[in-house]
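As numbered in the UniProt record's numbering, residues 1 to 332 make up the sequence shown, in order.
Where is the CB? At the ideal position from N, CA and C, for every residue including glycine.
Below: the structure, in structure tokens.
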Amino acid sequence: MENLDTSFKNVKNQASNPATMRTIRFHDYGEPTDVLRLEEVEIPEPGPGRIRVSVRACGLNPVDLVMCRGHFAGQLPLPRGIGLDVSGIVDAVGEGVTDVAIGDAVLGAADFMGGSSAGASDRAIMYYWFRIPIGLDFVQAAALPMAVETAYRGIDTLGVRTGQTVLVHGAGTTVGFAAVQIALMRGARVVATAGTTYADKLRAMGAMVTSYGDGMVERVTELAKQPVDLALDAAPISGAMIDLIHIVNGHPERVLTVSDFAAAAEFGIRASYGEVHTLRYDVVGDFAQYAADGKFTIPVARTFALDAWRSAVEISQSGRAHDKLILLPASD
């Protein structure tokens, strides 16, 4: 793994490189492997309140794929880049930025709304960031932002607190895996649904674990030994909403989904993006420190060079990735 001292030297060496960079983006909507392209574009400049980084790692998320298929269509001009979760070395700062300097190692989110390229690039403009704590490498750092923000916001919106019993459905996703840890940190009793890949890891954390599918209501009820107060749905769209409502004793308002918004509207379940609430990027720095201290983790499945992006996208589309997929743009 590239260390921070080497990265700083590489940033300085890049000053003599041409003013272009590689980026992955799409010009039309469609299936990601059909519309995404690795292109050469001009290196963007950071505006006020923004920084630019030499990207060392970029996490892929399901939202990248749904954006290619038309999510935000009509709201943002094309072409668009992909890749929100970023770690890298600051190589330029915009007006008004005083908390970081060139050469600092940071993690955070690419400003994919503000330009035609995003994090899956040699350079990226970032709109929020935190310094990478000692003990956390670039790959681990890039796995955190969206999983932490989404999971924390879901747990927080549900109002999870000490002594409650909480079901995390889809604990094998990165958001679900994060949510289990966050709920346990709050002192809740956690029942998690997950496949065999994660069952032992989740039990080691302190969660009670069962599988998906037929009989889930009965299995969760037996494990919990008492009423389940709240449920967070972090699974891919699975058709399990009726079961989740049964598990929380018929109260749909005690269920929140981060993925199945159509079912939320149909059954009166709360939706992660259907309520007026603040995005919780403010907690990402804290969880980066927890990760550096060995108290929190987002598992990483594989890393890929930027020019191997197609393999990463194909694995993500297949649903077989299990853990986080990370692109490594740095080639120097």
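>> For a minimum of 3 consecutive residues, which ranges assigned as the beta strand (DSSP E) are wholly contained in the region 83 to 115?
In response: 85 to 93, 105 to 110
> Given 8 Å as the limit, is there contact between the region 127 to 145 and the region 289 to 300, that is, 3 or more CB pairs closer than that?
Replying inline: yes
>> Which residue marks the beginning of the beta strand (DSSP E) containing D233, and which one marks its end?
In response: 230 to 233
>> For the structure I just gave you, are there three or more beta carbon pairs, one from the region 194 to 212 and one from the region 166 to 176, closer than 8 Å?
In response: yes
> Taking buried to mean at least 16 other C-beta atoms within 10 Å of its own C-beta, is V66 buried or exposed?
Replying inline: exposed
>> If the criterion is Cβ atoms closer than 8 Å, does the pair S117 and G88 meet it?
In response: no
> Of the choices V97, A101, L84, whose alpha-carbon is the least far from that of V90?
Replying inline: A101
> So which of P44, E266, A224 has the shortest CA-CA distance to I242?
Replying inline: E266
> On the premise that I269 lies in contact with V255, defined as a C-beta separation below 8 Å, what is that separation, rounded to the nearest angstrom?
Replying inline: 5 Å
> Grouping DSSP H, G and I as helix and E and B as strand, with all else coil, what is H251?
Replying inline: coil
>> Taking 7 Å as the limit between beta carbons, can you name the residues of its chain near Q148, skipping five residues before and five after?
In response: The question names Gln, yet the displayed sequence has Val at residue 148. So the list reads A178, V283, V284, F287, once near-sequence residues are dropped.
> In the structure shown, what three-state DSSP assignment does V160 receive?
Replying inline: coil
>> On the DSSP letters alone, give me the boundaries of the beta strand (DSSP E) that V283 sits inside.
In response: Here V283 belongs to no beta strand (DSSP E), and DSSP marks it neither H nor E.
>> Tell me the residue span of the alpha helix (DSSP H) that contains residue 367.
In response: With the chain running from 1 to 332 in the structure shown, residue 367 is simply not present.
>> Can you give me the C-alpha to C-alpha distance between Y281 and Y128, rounded to a whole angstrom?
In response: 8 Å
> Of the residues A151, M185, L184, G187, which one's Cα is nearest the Cα of G176?
Replying inline: A151
>> Can you give me the C-alpha to C-alpha distance between V93 and F130, rounded to a whole angstrom?
In response: 14 Å
> DSSP state of R219, grouped into three classes?
Replying inline: helix
> Who are the near neighbours of T162 in its chain, counting only those whose CB is closer than 8 Å to its CB and skipping five residues on each side?
Replying inline: R186, G187, A188
> Buried or exposed: where does P48 fall if 16 or more other Cβ atoms within 10 Å of its Cβ makes it buried?
Replying inline: exposed
>> If you reduce the DSSP assignment to three classes, tell me which class A312 lands in.
In response: helix
>> DSSP has G81 in a bridge; who is on the other side?
In response: R25
> Tell me which same chain residues have a C-beta within less than 6 Å of the C-beta of Y212, skipping the five on either side of it?
Replying inline: T193
> Which same chain residues, not among the five before or five after D233, have their C-beta less than 8 Å away from its C-beta?
Replying inline: H169, G170, A240, M241, L244, V255, L256, T257, V258, S259, D260, I269
>> Less than 8 Å between the C-beta atoms of I24 and V139, yes or no?
In response: no
>> Tell me the rounded alpha-carbon separation between G30 and G159.
In response: 38 Å
> Which residues share a DSSP beta bridge with Y128?
Replying inline: A109
>> Short of 8 Å in beta carbon distance, which residues of its chain neighbour V217, apart from the five on each side in sequence? Order them along the chain.
In response: D243, H246, I247
>> Using the Cβ count rule (16 or more neighbours within 10 Å means buried), how would you classify A113?
In response: One point to set straight first is that residue 113 is Met, not Ala, in the sequence displayed. M113 comes out exposed.
>> Looking only at its chain, what residues have a beta carbon closer than 6 Å to the beta carbon of K12, apart from the 5 residues adjacent to it on each side?
In response: Residue placement at K12 cannot be trusted, given a pLDDT of 41 that sits under 50; what the coordinates show is reported in the next sentence. No residues qualify anywhere along the chain.
> What residues match up with K225 in a beta bridge as DSSP calls it?
Replying inline: According to DSSP, K225 bridges with nothing at all.
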